[in-house]
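Q:
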Amino acid sequence: MAKQDKAAREKADRIRARSWTFSQMVIGPWMRSKFNFSCAKFDPDKIEGPVLVAINHASAYDPILVGIAFRKKRLTFIASEHLMRMKPWGAVLDRHFSLIPHQKGARSSRTALVAMKRMKRGESIFLAVEGEQTWDGKPLPVMPYTGKLVKGSGATLVTYRLEGAYLSAPRWAANTRKGKVYGYPVNVYAPEDLKKMSDEEVEAAIEKDLAFDTWEWQKAQPDGPLRYRCAKGGNADGLERAVFTCPSCGSMDTLRSNGDYISCACGFKARLSDTGFFDPPEPFETVADWEKLDLEALEDRLGKAQEDGSDIIFSDEGVTLLSIEEGHSENEIARGELTLKYEDGAFALHIGDHVFSMTGISGMTMVLAGRVVFSDESGYYELRADKSGRTNLRKYVIARDIINSKTKE
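Okay, so the sequence shown: first residue is 112 according to our numbering, each after it adds one.
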């Protein structure tokens, strides 16, 4: 049996080695051209043993871009579990590039254990340490237990920064843009050096190395902000999936994007330029500035609902609820209107016959721009927006974060 397992692993490894070489020859040049991607000269082959590549997660294309930079060091990718459910591509990607699926929004140490086992076997790992793509070009905190994973792996840690990737493919956007993306290693930490550091010190070092603010970087460009031009559509297309409060009338979910503009039924309109900044810069200069209003408005609405004793916070039509099962299978269990309500002294999500207490949800996050994954004691679930619309599901995740933070106070 052991010989059969070894033979199967060796066969799988040969397939992945050929796929890696093929992708570097075919996909690599195309991606370099598509995003005007360049990277610092760096030879990871000079590093003995496995490498853990930690990156700032700016776009959905980050694994491909980093793979190009590390073409001489074949990488295994820690990827969101939802990719494994995208038939047939999930199985194809796993067969040819060996994915380690991570269940976002679920409490589990399985991903870390599998990653450490793979690295001890000699594999090099790609890890987006923030856990998800930035929505606004600002850095996110490093995931908990990252330090423990890094130290337990016995691998060399390379912190690798991508600049310009967010502006090339914003998470909320309906299309990509061509400007400039640059990648480079910030630091290399040998295993013996990592052993001398605490888990917290490792995480602090990673956070310092990868804390990249898109807007500060744009403002620091010597010849002015770089331009990122859309191949099709407009700069603002899809922005209502990220922001949801009108700065003029205060309404939620009345924003609609079209081309370079995002507008509200009240008459408000804002133009997003190809530098990523709003033009003119009032009432906001960046998407990150707009998000501050969203957070304040949502906190106020949740607080008012508690004061009134009963209220529908907001709702969206055309949402599907899926139950995620073992083996990366999914079952549709409800479809229709998703509502966040406050009643009987508690906030809860309602869809079909299903009700989920917001304080009972142990983890909740987004994958892509129109899917929310979460877990509670009853299982692991996904909320999926209608593909034909621009439903903002992000506000439910932000609401859950606000509710939980208030509960802990």
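Cβ coordinates follow ideal geometry from the N, Cα and C atoms, glycine included.
#1: Could you check if C377 is buried or exposed, using at least 16 other CB atoms within 10 Å of its CB as the buried criterion?
#2: The beta strand (DSSP E) spanning S434 covers which residue range?
#3: Counting only runs of 3+ residues fully inside the stretch 377-407, write out the beta strand (DSSP E) ranges in chain order.
#4: How is G290 classed by DSSP in three states: helix, strand or coil?
#5: Across which residues does DSSP place E448 in a beta bridge pair?
#6: How is N147 classed by DSSP in three states: helix, strand or coil?
#7: For R352, I'd like the list of residues in its chain whose CB is within less than 6 Å of its CB, leaving aside the five on either flank, ordered along the chain.
#8: Going by DSSP, name the residue or residues bridged to R90.
#9: Rounding to the nearest angstrom, what Cα-Cα distance links I236 and N167 in this structure?
#10: How is A510 classed by DSSP in three states: helix, strand or coil?
#11: Pop quiz: S421 and E448 are said to be a contact at Cβ under 8 Å. What is the actual Cβ separation, rounded to whole angstroms?
#12: Leaving out five residues before and five after R340 in sequence, what residues of the same chain have Cβ atoms less than 8 Å from its Cβ?
#13: Mark A276 as exposed unless 16 or more other C-beta atoms lie within 10 angstroms of its C-beta, in which case mark it buried.
#14: Residue ranges of each beta strand (DSSP E) run of no fewer than 3 residues wholly in the stretch 264-345, ordered along the chain?
#15: Using a Cβ-Cβ cutoff of less than 6 Å, which residues in the same chain neighbour E428 once the five nearest sequence positions on both sides are dropped?
#16: Pull up the distance between the alpha-carbon of L163 and that of G463, whole angstroms please.
#17: Please report how far the alpha carbon of H465 lies from the alpha carbon of A445, in whole angstroms.
#18: If you compare alpha carbons, which of K145, K452, K231 and V483 is closest to S468?
#19: Hey, how far is the Cα of V478 from the Cα of P302?
#20: Which stretch, first to last residue, makes up the beta strand (DSSP E) that contains I373?
A: Working from what's here:
#1: exposed
#2: D422 to E436
#3: 380-382
#4: coil
#5: Looking at the DSSP assignment, E448 forms no beta bridge with any residue, so it has no partner.
#6: coil
#7: W283, A480, R501 and N503
#8: There is simply no residue 90 to check, as the chain begins at 112 and stops at 520 in what is shown.
#9: 14 Å
#10: helix
#11: Incorrect: roughly 18 Å between the Cβ atoms, too far for contact.
#12: R288, K289, G290 and D385
#13: buried
#14: 267-274 and 292-300
#15: E448
#16: 43 Å
#17: 8 Å
#18: K452
#19: 32 Å
#20: Y372 to C375
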